[in-house]
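>
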Amino acid sequence: MRNNNFDELVANPENIKDDPLNRPFLNPETIAEWNPGPTDAPLAPVLESFARSLLGDYEIIFAESFDLSVSDFLPSELFDIETARIVALALDRGLPLNQVERLIKGEPLPGLLHVIQSAWDRFSSGEIYSMYTHEQKTYEEVVFRRYLELQSEMLISEQTQLEKKTANQLALEQRKAERMAKKIQLEKEKDERRIAKQAKAVLKQQEDSIKQAEKEEKARKKTEQAAANLVAERKRRLKKEEDDQHLAMLQLKAKKAKDNHQTPE
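Here the numbering used here is used: the first residue of the sequence shown is 3, the next is one more, and so on.
1. Report the rounded CA-to-CA distance for A86 versus G128, giving the unit in angstroms.
2. Need the endpoints of the alpha helix (DSSP H) that S154 sits in, please.
3. Name the two residues that bound the continuous alpha helix (DSSP H) containing P47.
4. Quick check on DSSP: helix, strand or coil for P112?
5. May I have the straight-line CA-CA distance separating R222 from V233, to the nearest angstrom?
6. Does DSSP put I106 in a helix, in a strand, or in coil?
7. Can you tell me whether W36 is helix, strand or coil according to DSSP?
8. How close, in whole Å, do the beta carbons of I63 and L114 come, if the pair is a contact with beta carbons under 8 Å?
9. Using the three-state DSSP reduction, which class does D351 fall into: helix, strand or coil?
10. Looking at the secondary structure, which residues open and close the alpha helix (DSSP H) in which D94 lies?
11. Which word fits L57, buried or exposed, when buried means at least 16 other C-beta atoms lie within 10 angstroms of its C-beta?
12. Inspect the beta-carbon positions of R95 and W36 and report whether they are closer than 8 Å.
13. Give me the Cα-Cα distance between L1 and E226, rounded to the nearest whole angstrom.
14. Apart from the five residues on each side of it in sequence, which residues of its chain come closer than 6 Å, Cβ to Cβ, to K255?
15. In angstroms, rounded to a whole number, what distance separates the CA positions of A228 and R239?
16. Determine whether the beta carbon atoms of A92 and F52 lie at a separation below 8 Å.
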């Protein structure tokens, strides 16, 4: 599509040719940011060949437009190989012709843009460029697949490291929990021994108290028995004394009676 056939193509859209590369045009914001980069070195052979063919077409137009013998400047001052490389890179990228014109600072010679568009239409629909784009697409797919593989390997490596770190952390926490459980168990056993010791001491104290109480009870009973025996002995002694006194009194009475009986009146 060019300026001089725009109205005709609008009226007959069926005549619009498909883009051989099927590349959508970029919006102006994206285009304005695009930079072809250094062009002082040759491009890929296919694009370099197209750039040099453009330079040849330009030199023909220049020769047809100017008398080289009286020209004050050289053809390369308007359009050189580096400019042709910029055009090749821009068209290969899918930029429209008006953006290509902007990149090369305008049309150097009248009709050159038309020649560029025609040359690109022929070149881009040819087998060589189709093979080149296929190779580029294949290369990009390979690079992209490799990128995905590297990303996958990186993710797997990160996941492995994360799992290893998690496993180490879990193992550390497990060991920490085991140490804590062991410490708790030791404290529990220590408390159990302390409680058992205290219980044993209390039990011994109770046993000692019982023994002491039994001993005291036995001593009390012994004392009571001794006291009872002493009282009984005293009672027997008093009873004996009373009996002895009563007997002595009876003997005395008997003696008096006897004496009275023997004494004459």
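Quick reminder that beta carbons are idealized off the backbone N, C-alpha and C, glycines included.
A quick look at the data gives this:
1. Locating residue 86 in the sequence shown gives position 84, where the first residue counts as 1. Locating residue 128 in the sequence shown gives position 126, where the first residue counts as 1. Each residue's Cα considered, the two are about 19 Å apart.
2. As a working mapping, residue 154 is identified with position 152 in the sequence shown. Its alpha helix (DSSP H) spans residues 129-264.
3. One-based indexing of the sequence shown puts residue 47 at position 45. First-last of the alpha helix (DSSP H) with P47: 47-67.
4. Numbered from its first residue, the sequence shown carries residue 112 at position 110. Three-state DSSP puts P112 in coil, outside helix and strand.
5. Walking along the sequence shown from the start, residue 222 turns up at place 220. Walking along the sequence shown from the start, residue 233 turns up at place 231. One C-alpha to the other measures close to 16 Å.
6. As a working note, residue 106 is residue 104 in the sequence shown. Coil.
7. Position 34 of the sequence shown, counting from 1, holds the residue named residue 36. W36: coil per DSSP, three-state reduction.
8. Position 61 of the sequence shown, counting from 1, holds the residue named residue 63. Position 112 of the sequence shown, counting from 1, holds the residue named residue 114. Sure, about 6 Å apart at Cβ, within 8 Å.
9. There is no way to answer for residue 351, as the model of the chain reaches only from 3 to 267.
10. As a working mapping, residue 94 is identified with position 92 in the sequence shown. D94 -> alpha helix (DSSP H) spans 83-95.
11. Mapped onto the sequence shown, residue 57 falls at position 55. So L57 ends up on the buried side.
12. For the purposes of this step, residue 95 is taken as residue 93 along the sequence shown, with counting starting at 1. For the purposes of this step, residue 36 is taken as residue 34 along the sequence shown, with counting starting at 1. Yes, they are a contact pair.
13. Outside the modelled stretch of the chain, which goes from 3 to 267, sits residue 1, for which no answer is possible.
14. Translated into the one-based positions of the sequence shown, residue 255 becomes position 253. So no residue of the chain qualifies.
15. Counting from one through the sequence shown, the residue named residue 228 turns up at place 226. Counting from one through the sequence shown, the residue named residue 239 turns up at place 237. Going by the C-alpha atoms only, they are around 16 Å apart.
16. Here residue 92 refers to the residue found at position 90 when the sequence shown is read from its first residue. Here residue 52 refers to the residue found at position 50 when the sequence shown is read from its first residue. Taking 8 Å as the Cβ cut-off, A92 and F52 do not qualify as a contacting pair.
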